[in-house]
Amino acid sequence: MEALITCLVEICDIYFQIQILYNKVGDRMKTLLLDLDGTMYRGTQIMPGGKELIHVLQEKKHPYLFLTNNSKRTRRQNAAHMLQMGYENIQEGDFFTSAMAAAIYVRKHYKERRAFVIGEDGLKEALMEQGFELCEEQSDFVFVGLDQAADYDKYSKAVNELHHGAKLIGTNHDRMLAQPNGFALGNGSVVAMLEYASNQKSPCIGKPYAPILEEALALRNLSKQETLLVGDNLETDIQLGIVHGVETALVLGGVHNEKDIDRLGIHPDRIYRDLHELLVDICL
Ligand SMILES: [Mg+2]
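Residue numbering for the sequence shown follows numbering that gives the first Met the number 0, beginning at 0 and increasing consecutively.
See below:
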């Protein structure tokens with residue numbers, strides 16, 4: 000009897016070892032979709048473990064893509080921003096932004112191409128790459144991305160375009176932006192203001208909505224099962240994965256903490272204290 004129990008314990012042990020090995024191999028197959036603000040950096044500070052994670056991913060040729068709602072920077076500006084803070088070997092092709100998703104989404108759904116833009120370089124470049132003509136009047140669309148230089152006059156011009164038949168397109172619906180000393184107005188709040196003024200509804204494109212994920216997956220020819228969404232925000236990064244069937248990992252230290260999980264009722268598949276812990280767990 001004792002020998003039988005020992006044998007069963009050994010079989011169970013082998014089974015669990017195989018499961019662990021299988022999971023690690025599974026992880027190795029998964030492309031990491033990494034959020035930027037609050038996950039890879041905060042302002043110009045690299046988050047703990049960020050540099051090591053990217054170094055190992057590059058060493059092992061493990062695929063990853065930075066997936067961000069931030070539409071301000073072009074891919075080149077995003078790469079320069081990360082290189083400046085100390086990340087190494089960051090390429091322009093490593094980024095997919097809500098501006099890129101919005102430009103691709105509208106190109107696919109509409110044939111018109113005249114765009115009035117509230118936004119910065121990232122949105123303007125994304126639109127021109129997709130064949131849009133940037134204009135100040137007689138526009139077909141009013142695109143809205145974060146624009147720190149926009150003022151009352153610019154918003155009023157946008158409202159006039161919307162009342163003359165232009166369609167409202169917000170790159171993302173972020174309500175607030177986390178700042179080192181508090182919060183700033185998010186792009187979604189500006190989109191909501193223009194929705195109210197024009198009595199139109201913008202399509203939802205950035206995280207947690209499907210278009211940004213679908214276009215990013217299409218860009219890399221990936222299925223949802225082949226990806227792991229990594230981020231600091233339960234309502235955008237994690238919610239996106241939960242609603243659309245992608246495995247999720249919350250990294251603490253950004254927007255949300257463990258207490259927020261029950262408060263918001265949004266439960267990630269994995270929780271890590273920092274990117275060091277994620278790196279160890281996925282065993283690269
Ligand atoms: Mg974030």
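Built from N, CA and C at the ideal position, the CB exists for glycine as well.
Bounding residues of the alpha helix (DSSP H) (the contiguous stretch that carries Gln-238): Within the sequence shown, the letter at position 239 stands for residue 238. Where Gln-238 is concerned, the enclosing alpha helix (DSSP H) stretches over 238–243.
Would you say the beta carbon of Asp-231 comes nearer than 7 Å to a heavy atom of ligand 2? Ligands in the displayed structure: ligand 1; ligand 2 is not one of them.
Does the contact criterion of 3 or more C-beta pairs under 8 Å hold for the segment 67–74 versus the segment 165–182? The answer is yes - the segment 165–182 touches the segment 67–74, with three or more Cβ pairs under 8 Å.
Out of curiosity, what's the CA-to-CA distance linking Val-189 and Val-143? Here the question's residue 189 lines up with position 190 in the sequence shown. Here the question's residue 143 lines up with position 144 in the sequence shown. If you take the alpha carbons of Val-189 and Val-143, they lie about 8 Å apart.
Reducing DSSP to helix, strand and coil, say where Lys-156 ends up. In the sequence shown, residue 156 corresponds to position 157, counting from 1. In this structure, Lys-156 counts as helix in the three-state DSSP scheme.
Applying the criterion that 16 or more other CB atoms from any shown protein chain within 10 Å of the CB defines a buried residue, is Thr-43 buried or exposed? By 1-based counting over the sequence shown, the position of residue 43 is 44. By the neighbour-count rule (16 or more Cβ atoms within 10 Å), Thr-43 is not buried but exposed.
Within 8 Å, do at least three Cβ pairs link the segment 83–92 to the segment 51–61? The count of Cβ pairs closer than 8 Å, one atom from the segment 51–61 and one from the segment 83–92, reaches three, so the stretches are in contact.
Is it true that the CB of Arg-113 sits closer than 8 Å to the CB of Glu-91? The residue you call residue 91 lines up with position 92 of the sequence shown. The residue you call residue 113 lines up with position 114 of the sequence shown. No, these two residues do not count as a Cβ contact at 8 Å.
Any heavy atom of ligand 1 within a distance shorter than 7 Å of the CB on Asp-173? For this step, residue 173 is matched to residue 174 along the sequence shown. Asp-173 Cβ: outside cutoff for every heavy atom of ligand 1.
Option in Gly-230, Leu-218, Ile-211, His-243 with minimal Cα separation from Gln-224: As a first step, residue 224 must be located in the sequence shown, where it is residue number 225. Of the candidates Gly-230, Leu-218, Ile-211, His-243, the one whose C-alpha sits nearest the C-alpha of Gln-224 is His-243.
Which two residues bound the contiguous alpha helix (DSSP H) that contains Val-55? In the sequence shown, counting from the first residue as 1, residue 55 sits at position 56. Taken as a continuous stretch (DSSP letters only), the alpha helix (DSSP H) holding Val-55 covers 49–58.
Rounded to whole angstroms, what is the Cα-Cα separation between Ala-165 and Leu-133? As a position in the sequence shown, residue 165 is number 166, starting the count at 1. As a position in the sequence shown, residue 133 is number 134, starting the count at 1. Their backbone Cα atoms lie some 13 Å apart in a straight line.
Along the beta strand (DSSP E) that carries Glu-246, what are the first and last residues, could you check? On the sequence shown, position 247 is the one that residue 246 refers to. 246–250 is the extent of the beta strand (DSSP E) around Glu-246.
Go to Gln-224, then tell me how far its alpha helix (DSSP H) extends in each direction, as first and last residue. Sequence index remark: in the sequence shown, residue 224 carries index 225 (1-based). Run containing Gln-224: none; DSSP gives neither H nor E here.
Cα separation between Asp-259 and Thr-226? The count along the sequence shown starts at 1 and reaches residue 259 at position 260. The count along the sequence shown starts at 1 and reaches residue 226 at position 227. Looking at the two C-alpha atoms, the distance is approximately 24 Å.
Below 8 Å on the Cβ atoms is my guess for Ala-157 versus Phe-131; work out the distance and round it to an integer in Å. Locating residue 157 in the sequence shown gives position 158, where the first residue counts as 1. Locating residue 131 in the sequence shown gives position 132, where the first residue counts as 1. Actually they are not in contact, since the Cβ atoms of Ala-157 and Phe-131 sit about 16 Å apart, beyond 8 Å.
How many angstroms separate the CA atom of Glu-267 from the CA atom of Gln-147? Reading the sequence shown from its first residue, position 268 is the one you call residue 267. Reading the sequence shown from its first residue, position 148 is the one you call residue 147. Just to set this straight, residue 267 is Pro in the shown sequence, not Glu. So the alpha carbons of these two residues sit roughly 32 Å apart.
With 16 other CB atoms within 10 Å as the buried threshold, where does Phe-140 fall? Translated into positions along the sequence shown, residue 140 becomes position 141. Buried is the call here.
Are the C-beta atoms of Lys-50 and some chain B residue less than 8 Å apart? Of the protein chains in the structure, only one exists, and it is not chain B.
For the beta strand (DSSP E) that Met-175 lies in, which residues bound it at each end? Here residue 175 is taken as the residue at index 176 of the sequence shown, counted from 1. Unbroken beta strand (DSSP E) run through Met-175: 175–178.
If you reduce the DSSP assignment to three classes, tell me which class His-275 lands in. Counted from its first residue, the sequence shown places residue 275 at position 276. Collapsing the DSSP output to three states places His-275 in a helix.
State yes or no: is the C-beta of Ile-270 within less than 8 Å of the C-beta of Leu-249? Counting from one through the sequence shown, the residue named residue 270 turns up at place 271. Counting from one through the sequence shown, the residue named residue 249 turns up at place 250. Contact flag set, yes.
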